[in-house]
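Chains as they are written, first to last, in our numbering: chain F, 115 to 243; chain S, -7 to 511.
All C-beta atoms in this analysis are idealised placements derived from N, C-alpha and C, irrespective of residue type, glycine included.
First the structure, in the form of structure tokens, and then the observations on it.
Structure follows, in structure tokens:
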């Protein structure tokens, strides 16, 4: 079962790497899977990767602004994403892998909206339903 | 309405100012002026569009503004003056960022124009930047998405090529003096060939949020008849090599010798499988050559994560394996070079991949980096524009390669049609590229023979045979289909928003610290 889960994750990563410009493995750590929930503060439409920034409340009540790496903006555009798909204030939950350098950075493989709809970072179809 | 009146008046004045259009300018088969060739601006406009005296690193120059000065609104003028005072820090060009569509026309670097019936491409020596201007009435695929270089659509008004540029972002400057526009700007360019070796270039800027009325600049572009081909200036790569952020690799970069431990390189080996026959009814260009133009994406099978067939390694996705020669699909590495490839999989080596720095991918990697590309077939050339902002100019003649000491990231290519396949021979590489993220190795000694064989009107079979006596014991060949799609290129401004490199550097530095080594 565990192997199946890992395989699924890796297949998803393969989808995400469609326009990678650097070694995913060198920057992010498969040994540090992470789940985060918070409000979107900003979405950066950029290449070679887009970035979603979310405020996440920590256990002690403080807030950390996490930088979440997505596929390249060009990939998001070609898959139907548009600038206003994730406006500031949207609450999302994400799964991904944390950066090796220990900063509040992660590469994300999936996004879940407040109403339970899920979408991969590479595809906006779910948002458009 | 006022803006439109001004524009028409300006156009009339301009035509009065220009001598009667020469009839002896080069023209296309359809009679349009033929701009193709290597050109360079004769102006100081990239330093300051307005007339100015010299300042540190800013040579003096006359105004290129048709009305004498820029009609800024007061707040906008204040911002321009602040820009000027802080130009060393704020000028985006000092960070090697994309210069915007008009500043790059004025910069003192040669550029090459290529012309077909429905596209004009401008390839700039500066940092392999290009502009692709759609001139066949194509509508934008993705209107509203902003770009450093904008979205350029051209049309002909008699002998004048008129280009409207929209979807600009607000992150460029017009010159080193801090003149600027916003993302609401619309730029209209006019290219007028006034003799065989001179283009009069005019650009009109309309941005009511900054300017009280539209205004324009004009300067000549001069044909460079003594430059046989463009060379390269990779701005950020030069910066990082100079400051030590991108480190020299002595055993791979030019002029590394063949290692004494190598087993001798041998050309003897298996023949490549026969190429498939080109269908008899394939689309063709007017000159009879197969039509291979358009937007393509390689079916690369994960070649950017390894050329050999492989399952997942850590987070590297699997690779289908694209090596067809040797037939076992295993690259004929020298022993030390395979050890180097294996070490490059380590996280602390990820920083060393040039594409992580947003440098160009080299050949053959540019085909499977993975990113789409656009093939143009202007007279005498095949030109490949890679979305990851680099290009390749392939002259179709029998010219000699560049002198041996001239070394380039993308190499020096010469092509020819052979049995309806485009065959490209290239050399003069600098050895700085990696073959993929996994770290497959290549050196400056590489020479490459590529073939682009159209197997249908929507697919090209691409092969590259690489000979590199430093890294390998014999030549090897990869193969992959290139699929044509109904798409347009978008801009990849990589360096400008590359948040990843610092993370990769942190990982490398931590590793070096663990070894007691200074970074």
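Within the chosen definition, does the stretch 207 to 220 of chain F reach the stretch 173 to 183 of chain F through at least 3 CB pairs nearer than 8 Å?
With a cut-off of 8 Å, the stretch 173 to 183 of chain F and the stretch 207 to 220 of chain F count as touching, because enough Cβ pairs lie within range.
Distance check for residue 145 of chain F and residue 123 of chain S, CA to CA, integer angstroms please.
Each residue's Cα considered, the two are about 43 Å apart.
Just list the residues that DSSP pairs residue 147 of chain F with in beta bridges.
F/211.
Can a CB atom of chain S be found closer than 8 Å to the CB of residue 162 of chain F?
Yes, because at least one Cβ of chain S sits closer than 8 Å to the Cβ of residue 162 of chain F.
On the criterion of 16 or more Cβ atoms from any shown chain inside 10 Å, does residue 424 of chain S qualify as buried, or is it exposed?
Classification for residue 424 of chain S: buried.
Quick one: list the residues of chain F neighbouring residue 486 of chain S, beta-carbon separation under 7 Å, in chain order.
In chain order: 135, 161 and 162.
Is it buried or exposed for residue 148 of chain S, if we count other Cβ within 10 angstroms and need 16 for buried?
Exposed: under 16 other Cβ atoms inside 10 Å.
List, in order along the chain, the chain F residues whose C-beta lies closer than 9 Å to that of residue 491 of chain S?
Chain F residues near residue 491 of chain S: 158, 160, 163, 165, 181, 183 and 219.
Which word fits residue 212 of chain F, buried or exposed, when buried means at least 16 other C-beta atoms lie within 10 angstroms of its C-beta?
Residue 212 of chain F is buried by the Cβ-count criterion.
Between the alpha carbons of residue 64 of chain S and residue 203 of chain S, how many angstroms are there, rounded?
If you take the alpha carbons of residue 64 of chain S and residue 203 of chain S, they lie about 4 Å apart.
Across which residues does DSSP place residue 185 of chain S in a beta bridge pair?
In DSSP, residue 185 of chain S forms a bridge with S/191.
If the cut is a Cβ gap below 7 Å, which residues of chain S does residue 144 of chain F touch?
Chain S residues near residue 144 of chain F: 306 and 307.
Identify which residue in S/450, S/508 and S/344 has its Cα closest to the Cα of residue 236 of chain S.
Measuring from the Cα of residue 236 of chain S, the nearest candidate turns out to be S/344.
I'd like to know if residue 280 of chain S contacts chain F, where contact means its C-beta is closer than 8 Å to some C-beta of that chain.
Taking Cβ atoms only, chain F never reaches closer than 8 Å to residue 280 of chain S, which makes this a no.
So for residue 180 of chain S, helix, strand or coil by DSSP?
Looking at residue 180 of chain S - three-state DSSP - the assignment turns out to be strand.
Going along the stretch 412 to 433 of chain S in order, which residues come within less than 9 Å of chain F, judged by CB to CB distance?
Answer set for the stretch 412 to 433 of chain S: 429, 430 and 431.
Closest to residue 329 of chain S by CA distance: which of S/434, S/315 and S/286 is it?
Nearest option by C-alpha distance: S/434.
Given that residue 209 of chain F touches chain S, what residues does it touch there, using C-beta distances under 7 Å?
What residue 209 of chain F touches in chain S: nothing, since even the nearest Cβ is about 15 Å away.
Taking DSSP's pairing of strands, which residues face residue 408 of chain S in a bridge?
BP columns for residue 408 of chain S point to S/415.
Could you pull the start and end residues of the beta strand (DSSP E) that residue 60 of chain S belongs to?
Neither: residue 60 of chain S is in no beta strand (DSSP E) and is coded neither H nor E.
So, using beta-carbon positions, are residue 503 of chain S and residue 401 of chain S closer together than 8 Å?
No.
Quick check: what's the CA-CA separation for residue 188 of chain S versus residue 213 of chain S?
Distance between the alpha carbons of residue 188 of chain S and residue 213 of chain S: 11 Å.
At which residues does the beta strand (DSSP E) containing residue 447 of chain S begin and terminate?
Segment 439 to 448, the beta strand (DSSP E) holding residue 447 of chain S.
Within the same chain, show all residues whose beta-carbon is closer than 6 Å to that of residue 181 of chain S, passing over the 5 residues directly before and after it, in chain order.
For residue 181 of chain S, where only same-chain residues beyond five positions count, the Cβ hits under 6 Å are 155 and 195.
In the DSSP assignment, find the unbroken alpha helix (DSSP H) run with residue 504 of chain S in it and report its ends.
Its alpha helix (DSSP H) spans residues 492 to 506.
Closer than 8 Å by beta-carbon distance: list the chain S residues that pair up with residue 193 of chain F, in chain order.
Simply none; closest approach about 12 Å.
Whose CA, out of S/129, S/327, S/487 and S/366, lies closest to the CA of residue 462 of chain S?
Nearest C-alpha to residue 462 of chain S: S/327.
When the Cα of residue 346 of chain S is compared with those of S/302, S/331, S/430 and S/319, which residue comes out closest?
The residue with the shortest Cα to Cα distance from residue 346 of chain S is S/430.
Which term fits residue 428 of chain S, buried or exposed, when burial requires 16 or more other beta carbons within 10 angstroms of its beta carbon?
With 16 or more other Cβ atoms within 10 Å, it is buried.
So with Cβ pairs under 8 Å, would you call residue 188 of chain F a contact of chain S?
Taking Cβ atoms only, chain S reaches closer than 8 Å to residue 188 of chain F, which makes this a yes.
According to DSSP, what are the bridge partners of residue 374 of chain S?
Its beta-bridge partners are S/386.
Compare the beta carbon distance of residue 350 of chain S and residue 231 of chain S with 8 Å and say whether it is the shorter of the two.
Not in contact: residue 350 of chain S and residue 231 of chain S (Cβ atoms no closer than 8 Å).
Interface residues of chain S around residue 215 of chain F at Cβ under 7 Å?
Those within 7 Å of residue 215 of chain F in chain S are 495, 498 and 499.
By DSSP, does residue 75 of chain S sit in helix, in strand, or in coil?
Three-state result, residue 75 of chain S: helix.
Give a yes or no on whether the minimum CB-CB distance between residue 116 of chain F and chain S is below 8 Å.
Residue confidence for residue 116 of chain F is low, a pLDDT of 32 falling below 50, so the modelled location carries little weight; the figure read from the coordinates is stated next. Not one chain S Cβ lies under 8 Å of residue 116 of chain F.
Just mark residue 225 of chain S as buried or exposed, buried being the case when its beta carbon has 16 or more other beta carbons within 10 Å.
Exposed, since its Cβ has fewer than 16 Cβ neighbours within 10 Å.
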